[in-house]
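full-length UniProt numbering puts the first residue of the sequence shown at 1, with every later residue one more than the last.
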Amino acid sequence: MPDRENVAGMRSFEDLVAEAQSADVSGWGFSWLDGRAIEARPSWGYAELLARRLAGAERALDLDTGGGEVVNEATVLPRTMIVTEAWPPNAVRARQTLGARGVSVVDVDAGVSRLPFGDAMFDLVTARHPVRPNWSEVHRVLRRGGTYFAQHVGPASAFELIEYFLGPLPEEIRAGRDPQREADDARSAGLTVERLLTARCRMEFFDVGAVVWILRKCVWWVPGFSIGRYDTQLRELDEMMRSGESFVAHSTRHLITARRPAS
């Protein structure tokens, strides 16, 4: 566990917030939080499992790749490796990260349903925390016998933190991203779901700067977040954390493996 006295020390609320506001939030890495927050990971080890599948693929597509960090962890990449990203700063980071390895980074428009690829192009489609899985498109771009392998965000993930700022959310929002419902949607699109695992993981934040940074990065958690708008809640958090109490939340994840039938 980090030494919380070293994290915040005698630095003021204003200093911690200003530092978090000026820090880079592009890409999909979280090293800025080292020593300031922790999150347990699902037991299955997605990055390692992904690397094994990429090493055995010929043509692979990674959806919503962020800055390409997870794909880049794989030692061996397929002969044809393509990634998509909708947020321009992340796409720039992905090109910097993956370009030298011959990976094609394709910019896509957020909210556009059709993928810019031909039918049956890939034997492997992957995603780590996709914005919204489009099962009919996954089915379309997969070759017969091809596999979709992904780790999705689950229902009510980090909601302790989200509801601290927004207040209680409706049950239909809390129940979104349900793994069984997503598996049913995949089946309805013609895929065979071969594996579905779920996990609930503990998160802890040790200083208010860590909270500000994560809300700047995950902008959909608290839409319209700003320091001025949530000054009171942030100062209450800061006071709590200076007393030695961390803020605890829980992330939810599910691992899904689905296949387009060979016949």
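We put the CB at the ideal spot given by N, CA and C, even for glycine. Note that the structure is predicted; figures quoted are calculated from it, not measured.
Between the alpha carbons of residue i and residue j, how many angstroms are there, rounded?
| i | j | result |
| --- | --- | --- |
| Asp-62 | Gly-27 | 15 Å |
| Glu-160 | Ala-262 | 43 Å |
| Ala-23 | Trp-213 | 8 Å |
| Arg-32 | Val-211 | In the sequence under discussion, the amino acid at residue 32 is Trp, which differs from the Arg named in the question. Roughly 12 Å separates the two Cα atoms. |
| Val-193 | His-152 | 14 Å |
| Leu-219 | Ser-251 | One detail in the question is off: residue 219 reads as Val in this sequence, not Leu. Rounded to the nearest angstrom, the two C-alpha atoms are 16 Å apart. |
| Thr-84 | Ser-243 | 44 Å |
| Arg-259 | Val-125 | 10 Å |
| Val-106 | Glu-245 | 43 Å |
| Ala-189 | Ala-86 | 23 Å |
Candidates the options: which alpha carbon is nearest residue i's?
| i | options | result |
| --- | --- | --- |
| Asp-231 | Cys-201, Ser-263 and Phe-165 | Phe-165 |
| Ser-156 | Thr-192, Arg-174 and Arg-229 | As written in the sequence, residue 156 is Ala, which differs from the Ser given in the question. Nearest option by C-alpha distance: Arg-174. |
| Val-70 | Ala-55, Tyr-46 and Arg-79 | Tyr-46 |
| Gly-56 | Met-81, Ser-43, Phe-117 and Ser-12 | Met-81 |
Residue i: buried (16+ other C-beta within 10 angstroms of its C-beta) or exposed?
| i | result |
| --- | --- |
| Asp-238 | buried |
| Ala-37 | buried |
| Ala-91 | buried |
| Glu-5 | Reliability of the predicted coordinates at Glu-5 is poor, the pLDDT of 47 falling under 50, and the value obtained from them is presented with this limitation in mind. When all chains shown are included, Glu-5 counts as exposed. |
| Asp-119 | exposed |
| Pro-223 | exposed |
| Leu-255 | buried |
Got a sec? Which residues, its chain only, sit under 7 Å from residue i by beta carbon, not counting five neighbours each side?
| i | result |
| --- | --- |
| Asn-134 | Ser-113 |
| Gly-209 | Leu-16, Val-17, Glu-19, Ala-20 and Arg-36 |
| Gly-176 | Pro-155 |
Residues bridged to residue i by DSSP?
| i | result |
| --- | --- |
| Ile-82 | Leu-61 and Ser-104 |
| His-254 | His-152 and Thr-198 |
| Ile-38 | Glu-204 |
In chain order, what residues of the same chain have a beta carbon less than 6 Å from the beta carbon of residue i, not counting five sequence neighbours either side?
| i | result |
| --- | --- |
| Glu-182 | none |
| Ala-74 | Ala-51 and Leu-54 |
Closer than 7 Å, CB to CB, is residue i near chain C or not?
| i | result |
| --- | --- |
| Val-211 | Reference to chain C is not applicable here, since this structure consists of a single protein chain. |
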